[in-house]
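Chains as they are written, first to last, in full-length UniProt numbering: chain A, 1 to 99; chain B, 1 to 99. Have a look at the structure below before the remarks.
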DNA sequence: TGCTTTGTTCGATTTTTATCGAACAATATG
DNA sequence: CATATTGTTCGATAAAAATCGAACAAAGCA
């Protein structure tokens with residue numbers, strides 16, 4: 001599998017980022033990554049099928065919320081916290097700290 | 001016209017708030033209110049028809065993002081910044097400061 | 001009362017997103 | 001090579017949101 005391309009942080013846009021975060025499955029992914037740092041897709045799938053999850057990861061990736069690194073068969077995801085904070089200061093902190 | 005009912009700040013939920021903010025028309029409304037403090041609907045309508053705008057105000061109101069006060073024929077809107085910040089610290093600041 | 005202003009509600013579309021099974025691709029391992 | 005593991009892609013459907021004209025409602029004013 002070829003590496004994904006990720007948007008440059010200079011091109012992050014607020015609305016796609018907010019839309020990416022405004023979904024229960026994706027917010028859960030984001031919060032889990034906020035705790036564990038990095039995780040592959042499989043460990044983040046709850047009850048939903050793989051194809052649904054793949055879609056959610058794509059939305060998160062394309063908006064800039066997370067980065068996916070390929071290692072063997074696994075795709076390891078992590079939040080792009082520094083870049084997000086540079087572009088939207090305080091946003092991810094607010095999301096991750098929210099009750 | 002009877003007064004609107006607004007959700008209590010204790011019942012604000014993150015996903016509806018994010019969804020409310022993740023729309024171009026609504027984000028523009030929010031940013032405008034962030035600058036001017038209070039405004040009636042008419043001054044916030046750009047090119048879109050009234051019925052569309054009424055819908056956007058409803059979404060913002062029901063999620064807790066803004067409050068609508070009726071004064072005569074006009075409906076005056078303002079952000080619920082203190083309450084939002086109490087529940088989601090830093091969130092609205094991040095939104096309003098974002099490039 | 002009749003007219004104007006401000007905004008809502010209704011109803012019908014259209015557009016956008018989410019969902020998920022099935023087939024596929026890439027890597028690793030026996 | 002055969003098989004398992006991990007995740008993507010495709011395609012069809014369903015669900016959710018946005019859009020907007022037209023009719024309506026409330027308040028103010030001549």
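Backbone N, C-alpha and C define an ideal beta-carbon position, used for all residues, glycine too.
Beta-bridge pairing by DSSP links residue 39 of chain A to A:77. Residue 59 of chain B sits close to residue 20 of chain B, with the two beta carbons spaced by under 8 Å. With respect to residue 63 of chain A, residue 16 of chain A sits close: the two C-beta atoms are nearer than 8 Å. Under the Cβ distance rule, residue 40 of chain A does not count among the residues neighbouring chain B, no pair being separated by less than 8 Å. Between residue 96 of chain B and residue 31 of chain B, the C-beta spacing is below 8 Å.
Excluding sequence positions up to five before and after residue 29 of chain B, its CB lies within less than 7 Å of the CB of 44, 56, 60, all in the same chain and listed in chain order. For residue 87 of chain A, the three-state secondary structure derived from DSSP is helix.
In this structure, residue 67 of chain B lies away from residue 54 of chain B, with their beta-carbon atoms at least 8 Å apart. Ranked by Cα distance from residue 80 of chain B, the first of B:73, B:91, B:71, B:72 is B:91.
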